[in-house]
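Protein chains: 4
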Amino acid sequence: MGSSFGENITISIFGQSHSEAIGVVMDGLPAGEGVDLGQTAAFLARRAPGHRVGDTPRREADEARVLSGLVDGVTCGAPLCAVIGNTDTRSADYENLRFVPRPGHADFPLQAKFGGAQDIRGGGHSSGRLTAPLCFAGAVCLQFLARRGVTVRARILEIGGEREDFAAAIDRARTEGDSVGGMIECTAEGLPAGLGAPMFGGVENRLAAALFGIPAVRGVEFGEGFAAARLRGSENNDAYYIENGAVRTRTNHHGGVLGGMTTGMPLVLRVAVKPTPSVAKPQQSVDLREMRDTQLHIGGRHDACIVPRAVPVVEAVTACVLLDLLLH
Amino acid sequence: MGSSFGENITISIFGQSHSEAIGVVMDGLPAGEGVDLGQTAAFLARRAPGHRVGDTPRREADEARVLSGLVDGVTCGAPLCAVIGNTDTRSADYENLRFVPRPGHADFPLQAKFGGAQDIRGGGHSSGRLTAPLCFAGAVCLQFLARRGVTVRARILEIGGEREDFAAAIDRARTEGDSVGGMIECTAEGLPAGLGAPMFGGVENRLAAALFGIPAVRGVEFGEGFAAARLRGSENNDAYYIENGAVRTRTNHHGGVLGGMTTGMPLVLRVAVKPTPSVAKPQQSVDLREMRDTQLHIGGRHDACIVPRAVPVVEAVTACVLLDLLLH
Amino acid sequence: MGSSFGENITISIFGQSHSEAIGVVMDGLPAGEGVDLGQTAAFLARRAPGHRVGDTPRREADEARVLSGLVDGVTCGAPLCAVIGNTDTRSADYENLRFVPRPGHADFPLQAKFGGAQDIRGGGHSSGRLTAPLCFAGAVCLQFLARRGVTVRARILEIGGEREDFAAAIDRARTEGDSVGGMIECTAEGLPAGLGAPMFGGVENRLAAALFGIPAVRGVEFGEGFAAARLRGSENNDAYYIENGAVRTRTNHHGGVLGGMTTGMPLVLRVAVKPTPSVAKPQQSVDLREMRDTQLHIGGRHDACIVPRAVPVVEAVTACVLLDLLLH
Amino acid sequence: MGSSFGENITISIFGQSHSEAIGVVMDGLPAGEGVDLGQTAAFLARRAPGHRVGDTPRREADEARVLSGLVDGVTCGAPLCAVIGNTDTRSADYENLRFVPRPGHADFPLQAKFGGAQDIRGGGHSSGRLTAPLCFAGAVCLQFLARRGVTVRARILEIGGEREDFAAAIDRARTEGDSVGGMIECTAEGLPAGLGAPMFGGVENRLAAALFGIPAVRGVEFGEGFAAARLRGSENNDAYYIENGAVRTRTNHHGGVLGGMTTGMPLVLRVAVKPTPSVAKPQQSVDLREMRDTQLHIGGRHDACIVPRAVPVVEAVTACVLLDLLLH
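Protein chains in written order, with my numbering: chain F, -1 to 326; chain X, -1 to 326; chain L, -1 to 326; chain H, -1 to 326.
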């Protein structure tokens, strides 16, 4: 189905940017484990708008309310549903977007798919806002993983090609009425060897399938990823050795996964995030009613870069998939 | 499940490198459509070993025998099963591989997962040989797609960092007892706009999930992919215009897919293929029985580069997923 | 997954009897179709407690609030989520039930499965109350079916073995501190021939899989059902004939489905509903803490018969499955 | 998908009555367990045609050949594929069946679904012959279950309403050019308490979904089943008691499953098998080419009763589902 993923633990996301609420249903969580809603709130705050990179995370309006699945803060085996109200849903005039699609956004294919029935207000179901319930789910899974000795941590690798001063790169783009993308790396430590499967049920298959569900993700790679295409086999192979009675590799070009299965080394993946398509500069578009070319000016304030806010989302999705694999 | 993919059309692969046969079951194909087994054989020949890039394809031993699903060459609505015999299954002594895992191969995680029960002969179920039935399935899907006006075509983009003389790059590696990887680009034309879905059932999600099932694939990207992370929004966005009454974009940075859905522009994806892990050079490994370090020499003849043979596999997998999406 | 069903349209139920709310997520509904929430409310009222058979249906507290998926009452292609608040959740002392399982209820297997973590308040996730969101989903699907010319209607066939005066049978049981079950027949008209599939994706398979999700259902049969086991082939076969250019059968022993597929004749199925396990009479149970036999008195008011309230639930589930099959 | 079932263990059936072969792919079996092919052959012999009830089982032509998934008779974690050749595929003239559907068979809905493309030879994919690979799968699962202390055994309960002399009932029908159905009861012992789930992933849901995949099954019930609809709650409830430190019930009206989950008591289910639709008596049908009524005479030899042959099939399907549940 379109808006859910997972096999043992199914994560189903619902809501639109301007619907009454957005939320998530998590089915299949182990029973009898605590969920710390303070921690989920802190995690959600990491993706909330309004704080710069490096700022102290502050509580935002993204308050998740748990409707089911917990009894006194402990999972009870029934699906856990959490909802987040949509308070800021000003009735702006979005009607124009239905007929003049924004370049780089889902507007045009949504129109082609749903014939005008799609919710265009604020991006509808395709809005980045839907990553809030996804982060809630991820925050829950991170707690379950932590109990099992697994940590997941993502970080910005580069923004706009810049590997050090991310804020400057973002500022430059904003000043010019433009936007920048970037790359995020996510690492999971503590996974046992042998998770996953050969062929289509593998670690990469399942992670990639979920990670491409994050808006603006255009590429997913593991270990050396695309760089492996330029290495020799003797360079890309990781030599095994024994350390404290455990099998390890001296390097980690394989990023913790071989043949679809974990090796026990840290799992390393990277995603490419494209630049925000909403830019202040005027753009060429079309009027779908009159089927003629037209120019489009996108007003309002837009993030010149969503990469910082995407970091916890990548963590969240990775955590959901890894817990699912771990509980197989 | 581990060895199958697809929603409306399920492709299930079975077999090991040295089992009696390998094969595929395709469930959900539309009934009443012809399958040209000459074409599937020609397609299979493209991935067969023993011919260089540019050579005329020749019939190899990979002869697929259809056991069910066709009546007089036409699909009948029942699952189509095709098997390919494993004739060259010399009983070499693979026992050593169980305990001394080859770097870069699935040997170690397989041992961790299956505790020694896995079939290690020739790579077992993780062998590249399993791409033969996958190619059969893809060849069938390509015929169904062609009838619907959709073509899928993959090509080598680079090998060992070399973008022109692939053969030379491979020869250099082989001479040095080493191997090289590469990059493959796949393009699909003729898709209507609006296929796929937002979030997790999207075109990228489903293609990536399947493409990572091809051995040695380490990264998957769409449109500009990882390069998009270094573009400005104004550069990466594709301007819409009307041409002959159809909506098109002047550039195709988005690779034919926005927000998980097709736009009607050519779908463009790339996969990174790592260098063959089997290299002639001696490598460091471990002995899992004695839990000590050891050295490994991999004998036999091995492809110094599997990229050319992976090209039809990428086409095949892409075709299977696209037909599935198209028939939704 | 445990609490969802459906292939093209996925219905996911969440909530427990005493959680903050219960609800449903419907993913995959066609976009651009109206949902009349007055009709869904009227349908929900049919299963609400407090009205006798034959009474005028009245609005109950089961008010479903739509959080997402509709824009101005029309489906927008995004998952439709509806929640129903749990207002009457008195904090009675249910603790005893965790250790002294009620005969005929899920208490004991829930304890075995979840080890005490299950929500025991009011039956938790296994409560009949969860049929409320199921009815909401069914009411939506019935509207979609009606537009496609399909009607679904269930009725009581017998209660406590009584085929005419149901109320009397229920009264007798209630007076005696006991309960009765019954049989419900559901008929769907207007289905085209050829829906479903041979083997495991058939009409019966999918209906039965969903219908057994209704609490207290112990048997499902189609057409003559168990009675067919006592008929001769010549009696059970339905003769075909042509009427107004359409193929029909003179009798409908097959209940509109042959070999897993619809024939275009009315679909007829029956479910057996067991008597409410909560009876006033004292019962033998065990104390799971002390692992010794004990006696159990179930207090409170309980329906002496849930069959009348199960009628709309059977319609609802049937409608969900049929719409899913129809939209394949 | 139409021809497969199972979550952790997926059983996919392929083939038609007159295709080159029929077979099964089992994906997800635990690795490292022996499969005794002598036992599977003996099990397959139980459903083979040509032996009366009570006869010594004899080896039939239904010889399953394992193509993959076993190494020296032990599962290796890769999908197990077994094929059974179709040797007796005389090219009789089945063309008539395409246009004059046999009452009680799937002919007409198949024609409606596949528009003539379906394989009509010998019933095609809807043929009872497809229960042979199903029995192979079941025989494998029975061996896995036995190792885990679970036994599954089905038996005829009645044939043609006759509860004792089954052979006489069949003979009477055959003599009169007619056929009879019957009822089969299947019992599984040794299951732990707590398998399954509330709502849609329950034991009944999953067993029923699979059991209705057996040709001619028209009803499935658990415990008292339809009889429960006529019992009082106080009669149908099973009193708990402690025996040798284990929780048991004094009676087993619930058939070992409550609220979708096992209780540890023997699982008891019954299926209704309709009388063979192929009867010697002339029947009314229609000519779909000319859309007019016509008479149909079905020639050839047909089983006057398939119930005895269905017994191992019910065991097989039950075993597949139970192993799947047990391995969750």
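Just so you know, even glycine gets a beta-carbon here, dropped at the ideal spot from N, CA and C.
Exercise. Would you say histidine 103(L) faces chain F, with C-beta separation under 8 Å as the test?
Worked result: Sequence index remark: in the third sequence, residue 103(L) carries index 105 (1-based). Not an interface residue.
Problem set entry | Same chain only: Cβ atoms within 6 Å of alanine 130(X), ignoring 5 sequence neighbours per side | Start at 1 with the first residue of the second sequence, and residue 130(X) comes out as number 132. Within the same chain, alanine 130(X) has close Cβ partners Asp60, Ile82.
Exercise. CB-CB under 6 Å to valine 218(X), same chain, minus the five flanking residues each way: which ones, in chain order?
Worked result: In the second sequence, residue 218(X) corresponds to position 220, counting from 1. These residues qualify, in order along the chain: Ala206, Leu209, Val269.
Exercise. Mind checking whether serine 125(H) and alanine 302(H) have CB atoms under 8 Å apart?
Worked result: Within the fourth sequence, numbered from 1, the residue matching residue 125(H) stands at position 127. Within the fourth sequence, numbered from 1, the residue matching residue 302(H) stands at position 304. No; because the gap between Cβ atoms is not below 8 Å, this pair is not in contact.
Exercise. Would a C-beta distance cut-off of 8 Å place glycine 349(X) and leucine 256(F) closer than the cut-off?
Worked result: Here chain X covers residues -1 to 326 and nothing more, so residue 349(X) does not appear.
Exercise. Who are the near neighbours of glycine 253(X) in its chain, counting only those whose CB is closer than 6 Å to its CB and skipping five residues on each side?
Worked result: Translated into the one-based positions of the second sequence, residue 253(X) becomes position 255. Closer than 6 Å at Cβ, skipping near neighbours: Phe220, Gly221, Val266.
Exercise. For glutamate 156(H), is the classification buried or exposed, using 16 other Cβ atoms within 10 angstroms of its Cβ as the cut-off for buried?
Worked result: Locating residue 156(H) in the fourth sequence gives position 158, where the first residue counts as 1. Buried: at least 16 other Cβ atoms inside 10 Å.
Exercise. Going by other Cβ atoms of all chains shown within 10 Å of its Cβ, with 16 needed for buried, is glutamate 162(F) buried or exposed?
Worked result: For this step, residue 162(F) is matched to residue 164 along the first sequence. So glutamate 162(F) ends up on the exposed side.
Exercise. How many whole angstroms separate the CB atoms of glutamine 116(H) and glycine 75(X), which I take to be in contact at a CB cut-off of 8 Å?
Worked result: By 1-based counting over the fourth sequence, the position of residue 116(H) is 118. By 1-based counting over the second sequence, the position of residue 75(X) is 77. The distance from the Cβ of glutamine 116(H) to that of glycine 75(X) is about 5 Å, consistent with a contact at the 8 Å cut-off.
Exercise. For glutamate 18(H), which residues in chain X fall below 8 Å Cβ to Cβ?
Worked result: Walking along the fourth sequence from the start, residue 18(H) turns up at place 20. Neighbourhood of glutamate 18(H) in chain X, by CB distance below 8 Å: Arg63, Val64, Leu65, Ser66, in chain order.
For this session: Identify every run of the beta strand (DSSP E) within the stretch 110 to 182 of chain L, keeping only runs that are complete inside it and at least 3 residues long; order them along the chain.
Result: Positions of the beta strand (DSSP E) runs, each at least 3 residues long and wholly inside the stretch 110 to 182 of chain L, are given as 149 to 157 in order along the chain.
Problem set entry | Within chain F, partners of glutamine 116(L) - CB distance below 7 Å | Working through the third sequence from its first residue, we reach residue 116(L) at position 118. Below the 7 Å Cβ cutoff, chain F contributes Ala29, Cys74, Gly75 as neighbours of glutamine 116(L), in chain order.
For this session: Using only alpha-carbon positions, find the residue among Leu324(H), Val284(H), Ala314(H) that is nearest to glycine 136(H).
Result: The residue given as residue 136(H) occupies position 138 in the fourth sequence. Considering only Leu324(H), Val284(H), Ala314(H), the residue with the shortest C-alpha distance to glycine 136(H) is Ala314(H).
Exercise. Run through DSSP, which three-state label would threonine 292(H) get?
Worked result: Working through the fourth sequence from its first residue, we reach residue 292(H) at position 294. It is a strand residue.
Exercise. Skipping 5 residues on each side, what residues in its chain have a beta carbon closer than 8 Å to that of isoleucine 7(F)?
Worked result: Looking up residue 7(F) in the first sequence gives position 9. Cβ within range, chain order: Met24, Asp25, Gly26, Leu27, Cys139, Cys318, Leu321, Asp322, Leu325.
Exercise. By DSSP, does phenylalanine 3(L) sit in helix, in strand, or in coil?
Worked result: Counting from 1 along the third sequence, the entry for residue 3(L) is found at position 5. Strand at phenylalanine 3(L).
Exercise. Is there a Cβ from chain X that is less than 8 Å from the Cβ of methionine 289(F)?
Worked result: Taking the first residue of the first sequence as position 1, residue 289(F) is located at position 291. Interface residue, yes.
Problem set entry | Distance between proline 107(X) and valine 201(F) (C-alpha atoms, nearest Å) | If you number the first sequence from 1, residue 201(F) lands on position 203. If you number the second sequence from 1, residue 107(X) lands on position 109. Between the C-alpha atoms of valine 201(F) and proline 107(X) there is a straight-line separation of about 12 Å.
For this session: Using three-state DSSP, classify leucine 321(L) as helix, strand or coil.
Result: In the third sequence, the residue the question calls residue 321(L) occupies position 323. The three-state secondary structure of leucine 321(L), taken from DSSP, is helix.
Exercise. Excluding sequence positions up to five away, which residues of its chain have a Cβ less than 6 Å from the Cβ of alanine 195(H)?
Worked result: For the purposes of this step, residue 195(H) is taken as the residue at position 197 of the fourth sequence. Once the five neighbours on either side are set aside, the close Cβ partners of alanine 195(H) are Gly258.
For this session: Assign asparagine 94(F) to one of two classes, buried (16 or more other C-beta atoms within 10 Å of its C-beta) or exposed (fewer than that).
Result: For the purposes of this step, residue 94(F) is identified with residue 96 of the first sequence, where counting begins at 1. Label assigned to asparagine 94(F): exposed.
Problem set entry | Closer than 9 Å at the beta carbon, the chain F residues around glutamine 14(L) | Position 16 of the third sequence holds residue 14(L). The answer, in chain order, is Ser66, Gly67, Val69, Cys74, Ala76.
Exercise. Under the rule that 16 or more other beta-carbon atoms within 10 Å means buried, what is methionine 289(L), buried or exposed?
Worked result: The residue labelled residue 289(L) in the question sits at position 291 within the third sequence. Around the C-beta of methionine 289(L), fewer than 16 other C-beta atoms lie within 10 Å, and the residue is accordingly described as exposed.
Exercise. How many whole angstroms separate the CB atoms of serine 283(F) and tyrosine 238(X), which I take to be in contact at a CB cut-off of 8 Å?
Worked result: Within the first sequence, numbered from 1, the residue matching residue 283(F) stands at position 285. Within the second sequence, numbered from 1, the residue matching residue 238(X) stands at position 240. At roughly 5 Å, the Cβ-Cβ gap stays under 8 Å, so serine 283(F) and tyrosine 238(X) are in contact.
Problem set entry | Cβ distance (whole Å) where alanine 166(L) is taken to contact glutamate 160(L) below 8 Å | Locating residue 166(L) in the third sequence gives position 168, where the first residue counts as 1. Locating residue 160(L) in the third sequence gives position 162, where the first residue counts as 1. Taking C-beta atoms under 8 Å as the contact rule, alanine 166(L) and glutamate 160(L) qualify, at a distance of about 7 Å.
For this session: Using the DSSP secondary-structure output, state which residues sit across from arginine 204(F) in a beta bridge.
Result: For the purposes of this step, residue 204(F) is taken as the residue at position 206 of the first sequence. According to DSSP, arginine 204(F) bridges with nothing at all.
Exercise. On the three-state DSSP scale, how would you describe methionine 197(L)?
Worked result: The residue you call residue 197(L) lines up with position 199 of the third sequence. Under the three-state reduction of DSSP, methionine 197(L) is assigned to helix.
Exercise. Rounded to a whole number of angstroms, what is the C-alpha to C-alpha distance between isoleucine 11(L) and glutamine 293(F)?
Worked result: Looking up residue 11(L) in the third sequence gives position 13. Looking up residue 293(F) in the first sequence gives position 295. About 45 Å.
Exercise. Terminal residues of the continuous alpha helix (DSSP H) containing glutamate 233(F)?
Worked result: Mapped onto the first sequence, residue 233(F) falls at position 235. That run of the alpha helix (DSSP H) goes 231 to 234.
Problem set entry | Beta-carbon proximity of glycine 262(F) to proline 306(F), cut-off 8 Å | Taking the first sequence and counting its residues from 1, one reaches residue 262(F) at position 264. Taking the first sequence and counting its residues from 1, one reaches residue 306(F) at position 308. Cβ atoms of glycine 262(F) and proline 306(F): not closer than 8 Å.
Exercise. Say the cut is 7 Å; is the CB of arginine 44(F) nearer than that to a heavy atom of the ligand NAP?
Worked result: Because no ligand of any kind appears in the structure shown, any question about the ligand NAP cannot be addressed here.
Exercise. Going by other Cβ atoms of all chains shown within 10 Å of its Cβ, with 16 needed for buried, is glycine 158(F) buried or exposed?
Worked result: Sequence index remark: in the first sequence, residue 158(F) carries index 160 (1-based). Buried, since its Cβ has 16 or more Cβ neighbours within 10 Å.
Problem set entry | 7 Å Cβ shell around isoleucine 154(F) - same chain, five flanking residues per side excluded | Your numbering for residue 154(F) matches position 156 in the first sequence. So the qualifying residues of the chain are Phe164, Gly180, Ile182, Val305, Pro306, Val309.
Problem set entry | chain B contact for histidine 252(X) (CB, 8 Å cutoff) | Protein chains in the displayed structure are F, X, L and H, and chain B is not among them.
Exercise. Using a Cβ-Cβ distance under 8 Å, would cysteine 139(X) count as near chain H?
Worked result: The residue given as residue 139(X) occupies position 141 in the second sequence. Residue contact check for cysteine 139(X) against chain H: no CB pair falls below 8 Å.
For this session: Please list the partners that threonine 260(F) has in chain X, where partner means a Cβ-to-Cβ separation under 7 Å.
Result: Stepping through the first sequence from its first residue, residue 260(F) is reached at position 262. Here the neighbours are Pro107.
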